[in-house]
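Reading through the structure tokens given below for one structure.
Protein chains in written order, with the working numbering: chain W, 76 to 187; chain D, 214 to 326.
Structure representation (structure tokens):
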């Protein structure tokens, strides 16, 4: 069966450290993988998109890697801040680019 | 603010009643999506429109659910004869074509009592 797995346990890190979140998927062949941030009671906010032929993408303090052999994406936030505390969702663009299939998300807490 | 807007933000209804939600996408976006999200889960795809045409519906979208996008602008999602299991956050998103990032609205939280 198709699965997108993210660590369901919250990730607690200290301010200034690098947070690394994992997204693993099975039985998908996505052309695109996206990461979103979601704060409580609000809709997801797009962060980064990476294509299957790209190994790595960066945007400011964010970095995403995409390994189609391992079927895994890693999402890094460097120099983390308390304002980065949120749930981060991994999503695969499936159905011919017509819909996003989301993981369950990982809650990140950055402590002072 | 030119983002995606949704109304109402919260809706409490009794089981068996009908409810309708509205989504106004970013004006130049031709694609509009509806998702449903329950606590602790990621959003689940329900349906999407390209302009005014509804091109795909998830099996999650039972016969009690109907969505429209007249004139390819705003969209409505109606749930008839609501059930307690319909309680969730209903999210709308829009994009400029497929294979593009999607911009989400704030969602409508539905509580069925």
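The C-beta atom is built at its ideal place from N, Cα and C for all residues, glycine as well.
With DSSP as the reference, label residue 114/W as helix, strand or coil. Translated into the one-based positions of the first chain, residue 114/W becomes position 39. Residue state, collapsed to three classes: coil.
In chain order, which beta strand (DSSP E) runs of at least 3 residues are fully inside the stretch 215-250 of chain D? 218-220, 223-226, 232-237 and 244-250
What span of residues does the beta strand (DSSP E) with residue 161/W cover, start to end? Here residue 161/W corresponds to residue number 86 of the first chain, with the count starting at 1. Per DSSP, residue 161/W belongs to the beta strand (DSSP E) from 161-169.
For residue 294/D versus residue 216/D, is the C-beta distance shorter than 8 angstroms? What you label residue 294/D is simply residue 81 of the second chain in a count that begins at 1. What you label residue 216/D is simply residue 3 of the second chain in a count that begins at 1. The answer is no: Cβ separation not under 8 angstroms.
Going along chain W in order, which residues have a C-beta closer than 7 angstroms to the C-beta of residue 314/D? Position 101 of the second chain, counted from the start, is the residue given in the question as residue 314/D. Residues of chain W passing the Cβ test: 109, 121 and 124.
Between which two residues does the beta strand (DSSP E) carrying residue 99/W extend? Start at 1 with the first residue of the first chain, and residue 99/W comes out as number 24. Unbroken beta strand (DSSP E) run through residue 99/W: 94-101.
Examine chain W for any beta-carbon lying closer than 8 angstroms to the beta-carbon of residue 304/D, and answer yes or no. On the second chain, position 91 is the one that residue 304/D refers to. Cβ-Cβ to chain W under 8 angstroms: yes for residue 304/D.
What are the residues that DSSP puts in a beta bridge with residue 141/W? Your numbering for residue 141/W matches position 66 in the first chain. Residue 141/W is bridged to 148/W.
Alpha carbon to alpha carbon, how far is residue 278/D from residue 238/D? Within the second chain, residue 278/D is the residue found at index 65, counting from 1. Within the second chain, residue 238/D is the residue found at index 25, counting from 1. Between residue 278/D and residue 238/D, the C-alpha separation is close to 20 angstroms.
Candidates 251/D, 325/D, 311/D and 281/D, of which the one nearest residue 235/D by Cα: What you label residue 235/D is simply residue 22 of the second chain in a count that begins at 1. Residue 281/D is the option with its Cα nearest to residue 235/D.
Is the beta carbon of residue 279/D within less than 7 angstroms of some heavy atom of the ligand NAD? In the structure shown, the ligand NAD is absent, as is every other ligand, since no ligand is present at all.
What are the complete beta strand (DSSP E) segments, minimum 3 residues, inside the stretch 290-321 of chain D? 301-308
C-alpha distance - residue 150/W paired with residue 94/W, whole-angstrom precision: Stepping through the first chain from its first residue, residue 150/W is reached at position 75. Stepping through the first chain from its first residue, residue 94/W is reached at position 19. Rounded to whole angstroms, residue 150/W to residue 94/W spans 8 angstroms at the Cα level.
Verify whether the separation of the beta carbon atoms of residue 247/D and residue 303/D is less than 8 angstroms. Your numbering for residue 247/D matches position 34 in the second chain. Your numbering for residue 303/D matches position 90 in the second chain. In contact: residue 247/D and residue 303/D (Cβ atoms closer than 8 angstroms).
Tell me whether residue 114/W is buried or exposed, calling it buried when 16 or more other Cβ atoms sit within 10 Å of its Cβ. If you number the first chain from 1, residue 114/W lands on position 39. Flag for residue 114/W reads exposed.
Is it true that the CB of residue 147/W sits closer than 8 angstroms to the CB of residue 99/W? Position 24 of the first chain, counted from the first residue, corresponds to residue 99/W. Position 72 of the first chain, counted from the first residue, corresponds to residue 147/W. It is a contact, given that the beta carbons lie within the stated cut-off.
Which one of 97/W, 91/W and 77/W has the shortest CA to CA distance from residue 182/W? For the purposes of this step, residue 182/W is taken as the residue at position 107 of the first chain. Comparing Cα-Cα distances from residue 182/W to each of 97/W, 91/W and 77/W, the minimum goes to 97/W.
Opening and closing residue of the beta strand (DSSP E) in which residue 287/D lies: Translated into positions along the second chain, residue 287/D becomes position 74. Unbroken run through residue 287/D: none, as it is neither H nor E.
What residues of chain D sit near residue 176/W, judged by a beta carbon separation below 8 angstroms? Counting from one through the first chain, the residue named residue 176/W turns up at place 101. 258, listed in chain order.
Cα-Cα, which of 87/W, 80/W and 120/W is closest to residue 186/W? Counting from 1 along the first chain, the entry for residue 186/W is found at position 111. Closest by alpha carbon: 87/W.
May I ask which residues mark the beginning and end of the beta strand (DSSP E) holding residue 257/D? Numbered from 1 along the second chain, position 44 holds the residue referred to as residue 257/D. Here the beta strand (DSSP E) through residue 257/D covers 257-263.
Quick check on the DSSP output: the beta strand (DSSP E) that includes residue 268/D runs from which residue to which? Within the second chain, the letter at position 55 stands for residue 268/D. Unbroken beta strand (DSSP E) run through residue 268/D: 266-270.
Taking Cβ to Cβ, would you say residue 258/D is nearer than 8 angstroms to residue 245/D? As a working mapping, residue 258/D is identified with position 45 in the second chain. As a working mapping, residue 245/D is identified with position 32 in the second chain. No. Outside cutoff.
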